[in-house]
Amino acid sequence: MEIQLLLEKVINTLSDYYEKQDSFKNVFQHEPIMSKAIEVFDEEMLNMIDIVLELIGIPNEESSEKYSRENWTKSVCSNLIKIAAQDKKFIVPAAELISNWKCLSDYTSKIETHTWFYYTQLLEEHITGYKKWHENQQKKEKEKGKNKTKTA
287 MEIQLLLEKV INTLSDYYEK QDSFKNVFQH EPIMSKAIEV FDEEMLNMID IVLELIGIPN
347 EESSEKYSRE NWTKSVCSNL IKIAAQDKKF IVPAAELISN WKCLSDYTSK IETHTWFYYT
407 QLLEEHITGY KKWHENQQKK EKEKGKNKTK TA
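Just so you know, we're using my numbering here: the sequence shown kicks off at 287 and counts up by one.
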């Protein structure tokens, strides 16, 4: 199965889970045992996200940042999945970004401010034409490389 399609199905499943969870919370909001059950199921769903990210090849390495132990790529992909599950219009762009995870820092560079960015902004940009901007940037870089080899 194609990675992007797999990711779309996983995000859709998580989205369905969140919808069911909301109705479950409304019915059992005053039941502490049921609240704990929801927490356990949430942890299992988050574990599923980690497993999927491992399956698509994202390495399980620690961060090179001094003050962060979390793997940046895995963290960004995980957050994109969670946000897309909350708003279904982001399912396809999130799946596209994650399936091309090796270029994730290129995608975030357009909206990055220092070392942070808004995930929803990344997804909105991807929906509204960031792909074309990114492709143009890659063409410009290739042309720069060709020009350097011609002058050398």
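We put the CB at the ideal spot given by N, CA and C, even for glycine.
Q | Selection from Lys428, Ile384, Leu366, Trp387 that minimises the alpha carbon distance to Ser301 | A | Of Lys428, Ile384, Leu366, Trp387, the smallest CA-CA separation from Ser301 is found for Leu366.
Q) What's the call for Ile344, buried or exposed, on a 16-neighbour Cβ count within 10 Å? A) That one is buried.
Q: Please work out which residues of its chain come closer than 7 Å, Cβ to Cβ, to Gln307, disregarding the five sequence neighbours upstream and downstream, and give them in chain order.
A: Only Ile324 meet the Cβ criterion.
(Q) Any contact between the stretch 383-390 and the stretch 329-346? By contact I mean 3 or more CB pairs, one from each, below 8 Å. (A) Yes, they touch.
**Q.** Option in Glu288, Tyr303, Asp336 with minimal Cα separation from Asp373
**A.** For the residues Glu288, Tyr303, Asp336, the minimum Cα distance to Asp373 belongs to Tyr303.
Q) Taking the continuous alpha helix (DSSP H) assigned at Gln407, which residues delimit it? A) It spans 405-411 - the alpha helix (DSSP H) in which Gln407 sits, taken as one unbroken run.
(Q) Quick check on the burial criterion: 16 or more other C-beta atoms within 10 angstroms. Buried or exposed for Glu411? (A) Buried, since its Cβ has 16 or more Cβ neighbours within 10 Å.
Q: Below 8 Å on the Cβ atoms is my guess for Leu339 versus Ser321; work out the distance and round it to an integer in Å.
A: Between Leu339 and Ser321 a beta carbon distance of about 28 Å is seen, past the 8 Å cut, so the two are scored as non-contacting.
Q: Quick one: residues in its chain with C-beta nearer than 6 Å to the C-beta of Ala370, no 5 flanking neighbours on either side, listed in chain order?
A: These residues qualify, in order along the chain: Ile297, Phe376, Ile377, Ala380.
**Q.** Sequence-distant residues of the same chain with beta carbon closer than 7 Å to Lys360, five excluded per side
**A.** Excluding sequence neighbours, Lys360 sits near Leu339, Ile344.
Q: Return the CA-CA distance between Lys432 and His420, expressed in angstroms with no decimal places.
A: So the alpha carbons of these two residues sit roughly 19 Å apart.
Q: Look at Glu347 and Asn333 and say whether their C-beta atoms are less than 8 Å apart.
A: No, they are not a contact pair.
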